[in-house]
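If you count the sequence shown from 1, you need to add 359 to reach our numbering.
Built from N, CA and C at the ideal position, the CB exists for glycine as well.
Below: the structure, in structure tokens.
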Amino acid sequence: MAKNTICLWFDKDAEAAARFYCGIFPDSRMGAVHRAPSDYPSGKEGDVLTVEFTVAGIPCLGLNGGPAFSHNEAFSFQIATDDQEETDRYWNAIVGNGGQESACGWCKDKWGISWQITPRVLTDALAIGGAEAKRAFEAMMTMKKIDVAAIEAARRG
Numbered sequence: 360m361a362k363n364t365i366c367l368w369f370d371k372d373a374e375a376a377a378r379f380y381c382g383i384f385p386d387s388r389m390g391a392v393h394r395a396p397s398d399y400p401s402g403k404e405g406d407v408l409t410v411e412f413t414v415a416g417i418p419c420l421g422l423n424g425g426p427a428f429s430h431n432e433a434f435s436f437q438i439a440t441d442d443q444e445e446t447d448r449y450w451n452a453i454v455g456n457g458g459q460e461s462a463c464g465w466c467k468d469k470w471g472i473s474w475q476i477t478p479r480v481l482t483d484a485l486a487i488g489g490a491e492a493k494r495a496f497e498a499m500m501t502m503k504k505i506d507v508a509a510i511e512a513a514r515r516g
């Protein structure tokens, strides 16, 4: 296990979520699945307790902790994309499998984890600053899924 790992709390679907993420994003893989050695407040002996996995190069641990805590936008994965095709692929995989759209490139998966599907053309424009960044930012503010062509047009003015 990595020295620093993100722990994601799930009600009971940590393994399903990990498999879903690993099926979508490159540089992702499943690791060990650990079962509870005895009953615990939200599960029984033998239930999946934790799942080790890597999503887009980030080591994670999924914990089936029960319904006590839920996810919110204070934590999200930001996935940098190279073009509209890649943006669409990730967005559609998350939203199209029980997730929901939000604003400015944000969406949630069916487990409530927030994702920012962010084309590099947008982050590059924001890094430049000035009028170009302002135009790109204002264009982004009108979007749910980021439209690469619209951001490129805004950058050009």
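Using three-state DSSP, classify residue i as helix, strand or coil.
i: LYS493; result: helix
i: MET499; result: helix
i: GLU511; result: helix
i: ILE365; result: strand
i: ILE487; result: helix
For residue i, report the span of its alpha helix (DSSP H) as first-last.
i: THR446; result: 443-454
i: PHE379; result: 373-383
Which one of the options has the shortest CA to CA distance from residue i?
i: PHE379; options: ASN451, PHE428 and SER429; result: ASN451
i: MET360; options: SER387, CYS419, ALA373 and GLY382; result: CYS419
i: ASN423; options: CYS366, THR440 and VAL454; result: CYS366
i: GLU444; options: ALA373, PHE434 and THR477; result: THR477
i: GLY468; options: LYS362, ALA375 and ASN363; result: The residue you asked about is not Gly; residue 468 is Asp in the sequence shown. Comparing Cα positions, the closest option is ALA375.
i: ARG515; options: ALA498, MET502 and ILE505; result: ALA498
i: ALA462; options: ALA373, ASP398, TRP474 and ASN456; result: TRP474
i: VAL518; options: THR440, VAL414 and ILE383; result: Nothing in the structure corresponds to residue 518, since the chain is present only between 360 and 516.
i: LYS362; options: GLU411, VAL392, ALA395 and ALA373; result: GLU411
i: GLY489; options: MET502, ARG479 and ALA513; result: ALA513
Counting along the chain, where does the beta strand (DSSP E) carrying residue i start and finish?
i: GLU411; result: 407-414
i: HIS393; result: 388-394
Would you list the residues sitting across from residue i in a DSSP beta bridge?
i: ALA439; result: THR477
i: ILE417; result: VAL414
i: LYS467; result: GLN459 and SER473
i: GLY402; result: TYR399
i: ASN423; result: PHE369
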